[in-house]
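Engineer: Residue numbers (this note's numbering), protein chains in the order written: chain A, 351 to 719; chain B, 351 to 719; chain C, 351 to 719; chain D, 351 to 719. Idealized CB from N, CA, C, for every residue including glycine. Can you keep this structure in mind? I'll have questions shortly.
There are 4 protein chains.
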Amino acid sequence: MDVFRFVSLPCEYEIGLGIPVKGKLLKQHTIPPRIEAAKDVRSLTESMRYIGFQGRMLAAVVDVWAKMLKREYNVIFLGLAGAMVPAGMRRMISHLIKRRMIDVLVSTGANLYHDTFEALGGHHYMGSAHANDVQLRRNRIDRIYDVFADEDKFYKLDLTIQKKFAQMLIDNYPYSSREILIELGKMLSEKAREKDSIVLSAYDTGVPIFCPAIGDSSLGFSIMFANRAGRSIRVDGLKDVHESSLITQRAPRTGVIYIGGGVPKNFIQQTAVVASYQTRHDKSHDSAIQITTDMPMWGGLSGCTFEEAQSWGKIGPRAKMAVCYCDATIALPIVANALNQRFPKIRRNIPEFTWKDSGLELNFHMEKL
Amino acid sequence: MDVFRFVSLPCEYEIGLGIPVKGKLLKQHTIPPRIEAAKDVRSLTESMRYIGFQGRMLAAVVDVWAKMLKREYNVIFLGLAGAMVPAGMRRMISHLIKRRMIDVLVSTGANLYHDTFEALGGHHYMGSAHANDVQLRRNRIDRIYDVFADEDKFYKLDLTIQKKFAQMLIDNYPYSSREILIELGKMLSEKAREKDSIVLSAYDTGVPIFCPAIGDSSLGFSIMFANRAGRSIRVDGLKDVHESSLITQRAPRTGVIYIGGGVPKNFIQQTAVVASYQTRHDKSHDSAIQITTDMPMWGGLSGCTFEEAQSWGKIGPRAKMAVCYCDATIALPIVANALNQRFPKIRRNIPEFTWKDSGLELNFHMEKL
Amino acid sequence: MDVFRFVSLPCEYEIGLGIPVKGKLLKQHTIPPRIEAAKDVRSLTESMRYIGFQGRMLAAVVDVWAKMLKREYNVIFLGLAGAMVPAGMRRMISHLIKRRMIDVLVSTGANLYHDTFEALGGHHYMGSAHANDVQLRRNRIDRIYDVFADEDKFYKLDLTIQKKFAQMLIDNYPYSSREILIELGKMLSEKAREKDSIVLSAYDTGVPIFCPAIGDSSLGFSIMFANRAGRSIRVDGLKDVHESSLITQRAPRTGVIYIGGGVPKNFIQQTAVVASYQTRHDKSHDSAIQITTDMPMWGGLSGCTFEEAQSWGKIGPRAKMAVCYCDATIALPIVANALNQRFPKIRRNIPEFTWKDSGLELNFHMEKL
Amino acid sequence: MDVFRFVSLPCEYEIGLGIPVKGKLLKQHTIPPRIEAAKDVRSLTESMRYIGFQGRMLAAVVDVWAKMLKREYNVIFLGLAGAMVPAGMRRMISHLIKRRMIDVLVSTGANLYHDTFEALGGHHYMGSAHANDVQLRRNRIDRIYDVFADEDKFYKLDLTIQKKFAQMLIDNYPYSSREILIELGKMLSEKAREKDSIVLSAYDTGVPIFCPAIGDSSLGFSIMFANRAGRSIRVDGLKDVHESSLITQRAPRTGVIYIGGGVPKNFIQQTAVVASYQTRHDKSHDSAIQITTDMPMWGGLSGCTFEEAQSWGKIGPRAKMAVCYCDATIALPIVANALNQRFPKIRRNIPEFTWKDSGLELNFHMEKL
């Protein structure tokens with residue numbers, strides 16, 4: 351196959367070259383939105399359906415997500431990467447959990463750590479991307495692009511995790527990260543000052559959270575410090591794979607939403623591969639959304655297209671898909687608000703997860719939210 | 351701390367290392383937005399003021415633009431690059447012109463050509479970025495990412511420009527692109543079926559449009575075809591420089607807004623350099639906005655920061671600046687709607703341009719819009 | 351057509367679904383390069399042919415360029431955008447011109463201005479992208495990402511252009527930018543201290559240079575200052591379109607190389623459209639290379655794929671194409687050195703351009719370089 | 351002026367505004383490289399030292415890496431993310447390990463899986479980024495951008511891991527990923543057909559490999575399948591944190607090299623934080639390199655600058671740093687070859703890692719390579 355060669359319109363168009371297909375291809379013209387049309391965020395996104403480029407894709411994200419919510423017996427995964435909590439996205443994610451617009455969360459450790467930090471009353475601060483970082487260091491201020499944080503306050507949380515949270519965990523038990531995060535939710539249910547917490551909302555609503563690289567965060571290393579001080583707490587990475595793929599195995603269908611890429615994306619994609627291996631049926635994801643600033647050209651999993659994922663059987667051949675190339679701190683507020691305005695009430699078949707030993711029972715119940 | 355300010359920690363912090371500055375640096379914490387807060391697009395952007403990353407910058411774009419509108423005797427330039435009209439942004443730009451949220455437009459030729467095309471009743475179509483382009487070619491369909499267009503219809507417009515529009519122009523006169531575009535506006539004022547046209551709105555409201563690389567578009571080459579058929583129409587690139595820089599020379603202050611980079615950005619930036627040379631005063635732009643997907647790392651003018659522009663004296667040392675890295679088809683609908691909801695009425699000192707020979711008289715009059 | 355739908359392998363594969371095509375698709379395995387294999391830059395690029403991602407594309411750029419050089423009666427255009435001269439690429443471009451690895455140059459004004467500046471003995475300086483630009487301004491130092499320049503020296507060149515160079519030009523003649531740049535080459539042939547100049551090399555070898563937005567640069571505004579002081583120099587943008595498209599009309603075939611996008615890319619692409627209109631034959635470019643950091647997702651012409659260009663008839667349906675997403679200051683040194691090592695001698699049919707009135711005579715002569 | 355230094359103009363310049371500092375800032379002019387200068391890859395990179403933009407940064411990467419190699423008692427970490435092995439980078443990484451240009455590897459699971467696959471005789475194939483993925487799926491071909499692979503062959507490796515490799519592991523032992531990967535190296539030392547394997551080279555030379563998200567890969571899920579079939583293999587994510595941070599604790603100094611970001615980058619960065627907490631000394635990394643296509647503007651850890659990392663104490667305040675924004679499949683071949691040509695022989699103090707229980711003994715011995 352010629353490396354430089356491009357591919358084709360469906361065969362019907364190929365076969366009869368003489369047939370005028372222009373009419374088939376030029377069916378719906380674009381509709382340049384009038385400014386007055388956007389009364390609220392929902393109508394803003396609706397006015398963007400018939401434009402071009404990433405604006406159209408943003409509208410498509412809302413539409414595909416809406417379809418996910420209407421789809422029966424659908425389990426919706428959210429993969430969350432990037433410093434979304436320091437950037438102020440905590441309450442939105444929490445809202446999506448509470449209103450069950452997502453059913454399973456896979457996150458980096460940092461987002462869960464920063465969420466816990468804010469839940470316990472901590473703050474991130476308005477900073478500048480142009481600060482002199484050596485001087486920030488001297489002041490024990492940590493920078494996350496244009497957000498600042500007080501390292502001394504982080505240090506207190508680290509101690510809390512190491513000294514108090516670790517006491518809630520038992521030695522030599524192979525924890526999945528999901529199990530660890532239930533314990534963290536339990537702690538927050540007692541201590542949180544701020545209730546719009548991701549970890550706490552998930553705990554309250556029974557939404558499982560996986561953090562497959564939990565060691566790779568302050569959350570992980572603070573627990574590790576307890577081990578250095580004599581404990582033997584274990585977080586078993588393989589158990590995460592087992593549990594998460596069980597969900598996809600048991601679910602009649604699955605939808606996936608990726609904010610950023612990284613481990614959360616790959617990990618959720620992988621559940622389809624594992625579930626298909628195990629069941630010998632096609633358990634590819636049924637609908638898929640990605641909001642990313644990464645690009646396919648670099649060949650990495652974070653930026654790869656859903657089409658590429660179809661070749662692996664991670665995404666189904668007829669899946670509804672929408673990829674929007676945009677910073678999530680722009681796209682998520684729009685999408686979350688648009689969904690909220692579109693569904694002031696939702697009535698969904700909500701999945702309920704019952705974990706026994708290492709088995710999973712998955713039931714659905716209808717809920718109005 | 352002002353979010354929009356370039357913050358290198360002031361020298362005082364250097365000198366007295368013992369002084370606790372943490373409190374000064376951690377003044378305003380971030381405020382994670384609640385979903386319920388965003389009633390409309392305006393409140394959406396306001397809820398994003400105290401978050402991080404590009405979401406914050408989008409809110410900053412609205413705030414800086416609002417300041418431009420409130421600033422007295424301010425001439426606001428808009429630089430427009432990228433296929434904004436095929437992507438459906440025509441009515442928004444037209445709205446910004448009619449409500450005088452901008453005063454001067456510098457555009458690529460393509461946007462003006464496609465605007466003329468839609469004004470005369472033409473359409474762009476919903477397409478796919480994955481189409482087989484060789485087959486599109488066979489059907490005489492042109493693709494602009496995920497937008498399709500009917501080449502035969504473009505061809506008719508080309509003929510109209512060559513045969514009819516060219517008749518409105520005189521031979522051997524050194525036109526600036528501004529003068530050409532007034533003639534185009536005149537033609538549209540008679541023939542346009544669709545009134546929300548950029549060229550027409552500018553003509554109606556007296557907003558000058560410059561197209562410094564007019565030859566580099568279907569608009570340009572269609573006029574050139576008239577020359578090949580015996581005419582001697584001239585578009586003098588130097589006259590554009592002269593006229594545009596006169597505006598910055600005469601204006602008490604200038605604000606600049608860049609959608610994309612390219613020639614429009616550089617051309618508007620350059621007016622500050624020319625005006626400063628000529629007047630021997632600092633005529634750097636007073637406030638500046640950029641919405642771009644280009645990056646500073648590649649060293650080009652399109653992606654360069656406004657800080658870099660300050661070293662050249664193009665942007666003032668105390669200018670209000672906001673750069674948002676985002677596809678304009680996402681950012682512009684948000685920003686334009688937010689501004690519209692924020693200013694249901696505007697009362698501005700509107701600049702009026704009177705061109706005599708090659709001189710410019712600039713007057714301001716108060717207008718309610 | 352479904353917007354979200356992806357397209358297909360050639361029909362043969364469609365028709366017989368039972369046919370095992372895996373073997374056809376998995377023909378050539380990748381060959382991970384050994385480090386020892388890369389003796390020189392040529393062998394480095396050859397060792398990258400059978401890898402993946404942009405590394406493979408870089409090797410493809412060299413291979414497609416080599417094919418262009420071997421192709422008979424081929425006119426090779428180079429489009430040059432971005433601050434390539436300040437970044438140190440001057441001698442490489444000059445080398446490509448002298449050895450006739452390109453035949454026509456289309457450039458931004460800035461590159462030609464900075465080239466002239468260095469040819470006359472000026473320098474750019476090693477700077478930092480993290481400098482405080484307000485302080486640079488106070489020192490009259492201009493910054494281009496991590497390159498500094500002495501504004502006072504630029505000012506001297508501006509005066510030279512305004513006072514001396516303008517004297518070489520006549521009033522009221524509609525110059526194309528090509529004609530202006532021949533005059534500039536003439537000036538440099540007398541005054542240049544540094545001979546590896548782009549403008550000078552092009553002058554010496556008869557390679558035409560177009561600068562379609564010449565007004566949009568210090569070169570342009572300095573000539574304009576002469577007009578403000580009483581001269582009437584005219585640069586006619588339409589004449590550029592005419593002349594450049596004549597080349598594509600007359601040439602048996604054309605190859606195009608784009609370093610960055612912007613006006614140079616669109617302008618060269620457009621010559622194919624104009625030439626096809628005029629000749630009623632397919633005059634699309636026969637081979638095409640792009641080195642860019644822009645992306646197709648934003649819908650702009652700079653970042654668009656050559657496939658998109660095929661839908662417009664700008665690039666031929668069977669063209670050899672290679673797009674490499676990479677900063678040109680990395681890719682160009684590799685590609686230029688690899689080509690040089692691959693062709694220590696070239697024997698090419700070199701196009702010779704004879705301009706009469708506004709007509710063009712195009713002849714080829716065999717040359718060893 | 352040191353190119354690699356973060357330059358905010360020192361305070362002295364602020365204070366005395368009258369002092370002419372231009373001379374201090376414009377010390378070293380750029381040197382546009384001649385094409386003839388690049389005899390080999392080393393001289394290519396050396397010719398790029400005095401240019402601008404990312405080309406200069408590529409030269410800086412080689413220079414900073416060379417300094418790392420010359421630095422005494424330095425432990426060099428490599429973080430490896432992205433599909434580098436499918437893209438053909440396996441032998442280069444293997445070479446860097448064998449010649450001890452790196453001392454510790456932190457990788458995604460996918461790279462180690464694909465390395466094992468190729469070591470056992472498997473192949474990746476030249477494909478196309480434009481293929482129809484649904485049809486690839488039907489043929490059981492997996493696509494990684496423009497690389498194809500035979501899924502049936504992957505399946506065999508999965509079975510080998512599940513059935514045979516898992517037998518080398520014991521139940522209920524809390525493995526670190528490092529320990530797992532030693533066992534994998536052992537298996538490859540017997541079975542590998544291709545000796546230039548990353549896992550095997552690391553095994554042979556005693557270079558530890560960490561894979562903190564090992565569950566997030568075919569390697570991980572294949573071991574998990576053994577558990578589903580009755581085994582109780584545990585991979586303890588906390589142990590990885592413990593062991594990796596011990597290295598940074600014990601090492602007199604550390605250098606870090608990141609190809610891509612993701613978990614490998616954060617994980618290595620984090621060792622400095624943990625080591626500093628534990629030792630109450632500044633254990634920030636002493637020198638740092640990053641080759642990435644991610645950007646700081648999105649606020650994520652993958653794309654963040656080393657300056658930002660300095661605010662956290664991950665990178666030292668006086669660290670030598672070089673960040674090059676470039677696809678690694680372009681940059682790595684250049685850098686690895688340039689280093690190899692610059693150091694035909696290396697004499698380095700090589701760290702030797704002796705792990706006892708969960709403690710680490712770190713010794714250095716001089717080696718010629």
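Under 7 Å, do Val-549 of chain B and Leu-462 of chain B count as touching if we go by C-beta distance?
Structural biologist: yes
Engineer: Assign Glu-711 of chain D to one of three DSSP states: helix, strand, or coil.
Structural biologist: strand
Engineer: So with CB distances below 9 Å, who are the chain D contacts of Tyr-675 of chain B?
Structural biologist: Met-645, Met-647 and Trp-648
Engineer: Cβ of Gly-412 of chain C within 7 Å of Cβ of Gly-429 of chain C?
Structural biologist: According to the sequence shown, residue 412 of chain C is Val rather than Gly. For Val-412 of chain C and Gly-429 of chain C, no; Cβs fall outside 7 Å.
Engineer: Please state whether DSSP places Leu-376 of chain D in a helix, a strand or coil.
Structural biologist: coil
Engineer: Report the three-state DSSP secondary structure of Leu-509 of chain B (helix, strand or coil).
Structural biologist: helix
Engineer: Counting C-beta neighbours from all protein chains within 10 Å, is the total for Pro-614 of chain D 16 or more, i.e. buried, or is it exposed?
Structural biologist: buried
Engineer: DSSP three-state label for Glu-386 of chain C, please.
Structural biologist: helix
Engineer: From the DSSP output, which residues share a beta bridge with His-635 of chain B?
Structural biologist: In DSSP, His-635 of chain B forms a bridge with B:Ile-665.
Engineer: Can you give me, in chain order, the residues of the stretch 380-414 of chain D that have a beta carbon less than 8 Å from any beta carbon in chain B?
Structural biologist: Gly-402, Phe-403 and Gln-404
Engineer: Smallest Cα separation from Ala-388 of chain A: which of B:Val-685, B:His-715 and B:Asn-699?
Structural biologist: The alpha carbon of Ala-388 of chain A has as its nearest neighbour, out of B:Val-685, B:His-715 and B:Asn-699, the alpha carbon of B:Val-685.
Engineer: Consider the C-beta atom of Glu-657 of chain A and the heavy atoms of the ligand FAD; say whether any pair is separated by less than 6 Å.
Structural biologist: Summarising the ligand content, the structure contains no ligands, and the ligand FAD is consequently not present.
Engineer: Below 7 Å on C-beta distance, what does Ile-680 of chain B contact in chain A?
Structural biologist: Gln-404, Gly-405, Leu-408, Cys-676 and Ile-680
Engineer: So if DSSP puts Val-391 of chain C in a beta bridge, which residue, or which two residues, is it bridged to?
Structural biologist: Val-391 of chain C is not bridged to any residue.
Engineer: Could you spell out where the beta strand (DSSP E) holding Ser-605 of chain C opens and where it closes?
Structural biologist: Looking at the sequence itself, residue 605 of chain C is Gly, so the reference to Ser does not match. Gly-605 of chain C -> beta strand (DSSP E) spans 603-609.
Engineer: Taking Leu-569 of chain A as the reference, give the member of A:His-464, A:Arg-421, A:Leu-376 and A:Cys-676 with the closest Cα.
Structural biologist: For the residues A:His-464, A:Arg-421, A:Leu-376 and A:Cys-676, the minimum Cα distance to Leu-569 of chain A belongs to A:His-464.
Engineer: Who are the near neighbours of Val-623 of chain B in its chain, counting only those whose CB is closer than 8 Å to its CB and skipping five residues on each side?
Structural biologist: Trp-662, Gly-663 and Lys-664
Engineer: By Cβ distance below 7 Å, which residues in the same chain neighbour Lys-545 of chain D in space, the five residues on each side in sequence not counted?
Structural biologist: Taken in chain order, the list of residues that qualify is empty.
Engineer: In angstroms with no decimal places, state the Cα-to-Cα distance between Ala-437 of chain D and Asp-500 of chain C.
Structural biologist: 44 Å
Engineer: Taking Asp-465 of chain D as part of the alpha helix (DSSP H), name the residues at either end of that continuous run.
Structural biologist: In the DSSP assignment, Asp-465 of chain D falls within the unbroken alpha helix (DSSP H) covering 459-469.
Engineer: My output table needs one value for Val-557 of chain B: the three-state DSSP class, helix, strand or coil.
Structural biologist: coil
Engineer: With a threshold of 7 Å between beta carbons, is Gly-610 of chain C in contact with chain D?
Structural biologist: So, not an interface residue.
Engineer: Between which two residues does the alpha helix (DSSP H) holding Asp-483 of chain C run?
Structural biologist: 483-488
Engineer: Roughly how many angstroms lie between the CA atoms of Thr-742 of chain A and Ser-634 of chain A, to the nearest whole one?
Structural biologist: Residue coverage of chain A in this structure runs from 351 to 719, which leaves residue 742 of chain A outside it and unanswerable.
Engineer: Of all the residues that make up the stretch 613-631 of chain A, which are near chain D by a beta-carbon distance shorter than 7 Å?
Structural biologist: Val-613, Asn-616, Phe-617, Gln-620 and Val-624
Engineer: So what's Phe-693 of chain D in DSSP terms, helix, strand or just coil?
Structural biologist: Coil, per DSSP.
Engineer: Listed from N- to C-terminal order along the chain, which residues in the stretch 425-442 of chain A have their beta-carbon within a distance smaller than 8 Å of any beta-carbon of chain D?
Structural biologist: The residues in question are Ala-431, Gly-432, Ala-433, Pro-436 and Ala-437.
Engineer: Can you pull the chain A residues whose beta carbon is under 7 Å from the beta carbon of Pro-524 of chain D, in chain order?
Structural biologist: Arg-584
Engineer: Just reading off the alpha helix (DSSP H) that Leu-651 of chain D is part of, what are its end residues?
Structural biologist: Where Leu-651 of chain D is concerned, there is no enclosing alpha helix (DSSP H), given that its DSSP letter is neither H nor E.
Engineer: So, Ser-637 of chain B versus Gly-610 of chain B, is the Cβ gap smaller than 7 Å?
Structural biologist: no
Engineer: Using the three-state DSSP reduction, which class does Val-371 of chain D fall into: helix, strand or coil?
Structural biologist: coil
Engineer: How about the stretch 587-606 of chain B and the stretch 552-562 of chain B: do they share at least three Cβ pairs that are nearer than 8 Å?
Structural biologist: yes
Engineer: From Asn-687 of chain C to Ala-688 of chain D, what does the alpha carbon distance come to, in whole angstroms?
Structural biologist: Rounded to whole angstroms, the separation of the alpha carbons of Ala-688 of chain D and Asn-687 of chain C is 15 Å.
Engineer: Along the stretch 460-475 of chain A, what residues have a CB closer than 8 Å to any CB found in chain B?
Structural biologist: Glu-468, His-473, His-474 and Tyr-475
Engineer: Determine whether the Cβ of Gln-512 of chain B lies closer than 7 Å to any Cβ atom of chain C.
Structural biologist: no
Engineer: Can you list the residues of chain C that Pro-558 of chain B reaches, using a CB-CB cut of under 8 Å?
Structural biologist: Those do not exist, as Pro-558 of chain B stays about 15 Å from chain C at its closest Cβ, beyond 8 Å.
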